[in-house]
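Since the structure comes first, as structure tokens, the remarks are kept for the end.
What follows is the structure in structure tokens.
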């Protein structure tokens, strides 16, 4: 029986072996070291030398003088190549390039934990690889070694990035591959090179791997930690550090003191140097050695942390005896958490640590001044495990109650963070329930029990499915933390060491004997994956294939889930005194499909004198397809940009350092425009790239003409159409990775299920292949807020059924929040009855389970929606209604003016950054003036709450202080309880009044023009608009000119003006009447003065002449 089975498995593997000979390889290169060694992603400052390169592009679409231009570069490139098992990779790359293969790289940025400084968003950018010829000796004239390059972009406040490399569908066929390129804030540059800030690098793993250490979990904040760490190496204070989810890693001996502080207050039986608990968060690493807890803050300038990066490990909980650290896998309200459990004198206490913007805070014990959980239970006890349910702000504790007879009782306790109160959730049975041969036992108090004690060890919770687990030598499952089901398929002989959730419907547990067990959430089937006959078969096939990722001497190190599925870390010695730690995809789907072939053995059958091999089909259907899926972006909220490298004039088509630098600048500019688009004033065109090319679009044909003749300056041509935002991605007949639902949103699709044909089902019983046994169900985690509708349609002639599935929001979620914040985690599980682990189909990349899919659902205000001030419509409508428009003398196109005496009609837009939709906001909203200042924006002052009430309502404490009032006084005004006016899209007129006690009353003009005033306006629909879960909060500035003067100042100005005018008139009259007389008298005076001056001058000349003559006569008298 075994030989035919092995042949069948080999047949299944044949196609996969051919397709997987070559795969993508991606590494980082420094900006100034193209083609060099692999770099570490730690630099976070932009490169400024790009501008000098772009200055040479005189006849291109790039305008360096544009005020919106920010052409900088990123510190790294992505180098894309191929790696092959049996073929020469360099030759394969050349052939692939010549046959048209181009890698398409899609980088997805993870939103930060703290969204105070930046609204959460889902963003990805698609870039085509630029072919690049590597330097080196080459006998060929063209190319020997080559690769492809793209920039490695960074985004402010994002340190986790996923890189997906796909083929463009031409030439050599290569499967898509996902990489993780995260910023490593735990590196530093020294005189000797790049070093780890955490401690000394360990170059050899042989010694620490030679001592047996059981496998251990990798703990981190879910999808938020850029660097993962793993400890647990016996007798060594060494951790493994990886910024690529262990595609590569560094072993570091952490720089902490191995202290022994055992005492009567903190008794320790065994001293160990090993790091027993290690937790990674977005910006901080936390670990425990014995009873000591340390943390290290990374150097992440892109996160704008409140504290600088650490230089040394810092100890916390100095006076606390800590027995265990428990991770909190999901952040809440912009913070991450970790739980420390007390021991010794702190036994029965726990400490909830908070990590926010790099600051780690462990407050005093929750029991300070209050009862501990042991005092609440009135017993001696120990807390074994703690789970923080962040949505409810409740900490669930697994408590062991100790008795004098050495027996223990176990309790599940809850602690409310808000009310600081304990209550009991569940008293765990002392013994293991008897199996009922159904795979599960409902614990109702009526079941029978064995003599084996039930020993729980830990807790796990999936916030998406709301399923709670108690695990140890059993697995107990609950949907409400009160009522439990015992999964009896899991044996009690080997207790669970650690429990891993995928958060998409699967879980895996590893036992003390290193067994690996698997199950699907909501299913009672628990399957042992390792050791198993199916694992042995797959393992032998990999050795036959020559895979270097499998070995008889491998050591199991860890197991964890990521976006690629279940991953396994193993250490493989090389037989020469060294070894390597590798990460490999755990072959979950292969093992499950092989298991079916082993468990359900085939048998021989005869039909029409022919012998056939018949297999048993545990799956009730043969084909499952998803159809009529909506466009994904509306529900996934993923913003998507598509880019291509600039064209080069080189006839070979290879890029050089200059063209790649231009590529860097273009990507930087695109992401800068994306970030800058959140401005309050809406552009006339709803697209972030509109500002980029609006001044150069008219010259596009000229730039193309120059490039087509090979004369582009700098040898580079930038096509403006190659940098666009995509709003219409296609679903590709696959369920999205997650769904966001706003109020009353509906997500619908169809599921097509077919049974096997008559030929395929020869010899089968009717129940094995009948539509009557094909049923689809949908399980919702929060039926109060989300409902589903299924409509079944028979397609008898096609042997199929078609289900129309509709997932709808009920509109009953009570919260109204900012875009993308405080969303309720929920889920939809799509199940075909009895298909969870029984149905699979073969794909190009191997077998895949089908018949079960879980999709996380986020209920609330989706990310990517915003409220914007529609300045274009406001100007048009205000001008039309007032029949005039007076702009300021000094015009500012980014901040138009509005005249004080005109009625102001503001309009607003709801802009969807994901789908590109932009339409008028027709809901209700409140408009308030929250700040203002005269003359310029720099003089704006934010008002206090009491001032805001005075200036915007009639309910303030100061009379005559209104800045504005409704223009339409005929209708009754709609206000909130505080008195603030509520507007709608059709009733929005505002009349500026600036009453006596308002800040804009009696503004002194600085020149001969009327004074200006700048108002800071806040618009919000919170608590007044019931059409959405979104709290649209918008702050923007309005420039008002032509303010009126106060009556007293106006009269004073009028008096001064009249006085001046009267004086001028009087002077004019005097000038006209007395002017000729005065002029004649003045003329005569001048004439007399001239005559006197002439007589005086003539007398002076006569006297001078006589004097000169007398002197001359005396000088010439002859001698006697």
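Numbering (this note's numbering), first residue to last: 1018 to 2137.
All C-beta atoms in this analysis are idealised placements derived from N, C-alpha and C, irrespective of residue type, glycine included.
Take residue i as the anchor and find which of the options has the nearest alpha-carbon.
i	options	result
residue 1140	1560, 1129 and 1309	1129
residue 1910	1590, 1889 and 1317	1889
residue 1068	1683, 1457, 1511 and 1544	1683
residue 1937	1945, 1483 and 2001	2001
residue 2049	2036, 2057, 1231 and 2055	2036
residue 2022	1567, 1992, 1645 and 2058	2058
residue 1429	1882, 1440, 2069 and 1815	1440
residue 1613	1387, 1670 and 1546	1546
residue 2142	1865, 1330, 1265 and 1969	Shown here, the chain extends from 1018 to 2137; a query on residue 2142 therefore has no answer.
residue 1750	1767, 1590, 1759 and 1756	1767
residue 1294	1321, 1251 and 1322	1251
residue 1393	1742, 1145, 1416 and 1896	1416
residue 1942	1920, 1998, 1970 and 2104	1998
Compare the beta carbon distance of residue i and residue j with 7 angstroms and say whether it is the shorter of the two.
i	j	result
residue 1121	residue 1046	no
residue 1078	residue 1713	yes
residue 1917	residue 2009	yes
residue 1373	residue 1340	no
residue 1432	residue 1345	no
residue 1548	residue 1842	no
residue 1297	residue 1245	yes
residue 1521	residue 1930	no
residue 1467	residue 1445	no
residue 1213	residue 1269	yes
residue 1589	residue 1597	yes
residue 1944	residue 2056	no
residue 1355	residue 1303	yes
Between the alpha carbons of residue i and residue j, how many angstroms are there, rounded?
i	j	result
residue 1311	residue 1581	31 angstroms
residue 1654	residue 1463	48 angstroms
residue 1854	residue 1088	52 angstroms
residue 2045	residue 1737	37 angstroms
residue 1407	residue 1347	8 angstroms
residue 1793	residue 1493	26 angstroms
residue 2015	residue 1927	32 angstroms
residue 1739	residue 1773	47 angstroms
residue 1001	residue 1196	Any answer about residue 1001 is impossible in this case: the structure gives the chain only from 1018 up to 2137.
residue 1292	residue 1491	28 angstroms
residue 1263	residue 1070	37 angstroms
residue 1028	residue 1859	Any reading at residue 1028 needs caution, since the residue's pLDDT is 46, under 50, leaving its predicted position unreliable; the model's value is listed next. For residue 1028 and residue 1859, the distance between alpha carbons rounds to 12 angstroms.
residue 1838	residue 1132	8 angstroms
residue 1165	residue 1154	19 angstroms
residue 1974	residue 2003	31 angstroms
residue 1172	residue 1688	8 angstroms
residue 1990	residue 2041	14 angstroms
residue 1565	residue 1658	38 angstroms
residue 1256	residue 1267	8 angstroms
Does DSSP put residue i in a helix, in a strand, or in coil?
i	result
residue 2133	Reliability fails at residue 2133, whose pLDDT of 45 lies under 50, so the model's placement of it is uncertain and the value that follows must be treated cautiously. Looking at residue 2133 - three-state DSSP - the assignment turns out to be coil, as it is neither helix nor strand.
residue 1139	strand
residue 1850	coil
residue 1937	strand
residue 1391	helix
residue 1224	helix
residue 1071	helix
residue 1907	coil
Using a beta-carbon distance below 7 angstroms, is residue i in contact with chain C?
i	result
residue 2109	Here there is only one protein chain, and chain C is not present.
Can you confirm whether the region 1462-1473 touches the region 1827-1839 when touching is taken to mean that 3 or more C-beta pairs between the two stretches lie within less than 8 angstroms? Segment contact: the region 1827-1839 against the region 1462-1473, fewer than three CB-CB distances shorter than 8 angstroms; contact not assigned.
Would you check if the region 1817-1831 and the region 1754-1769 touch, i.e. whether three or more CB-CB distances between them fall below 8 angstroms? The region 1754-1769, when compared against the region 1817-1831, does touch it at the 8 angstroms Cβ threshold.
Are three or more beta carbon pairs between the region 1484-1498 and the region 1553-1560 nearer than 8 angstroms? Because the criterion of three Cβ pairs below 8 angstroms is not met, the region 1484-1498 and the region 1553-1560 do not touch.
Pairs of beta-carbons, one from the region 1721-1733 and one from the region 1193-1212, closer than 8 angstroms: are there three or more? No contact exists between the region 1721-1733 and the region 1193-1212.
State whether the region 1364-1379 contacts the region 1308-1325, with contact taken as three or more CB pairs (one from each stretch) at a distance under 8 angstroms. Yes, they touch.
Does the structure place the region 2069-2080 close enough to the region 1961-1969 that three or more beta carbon pairs sit under 8 angstroms? These segments do not touch.
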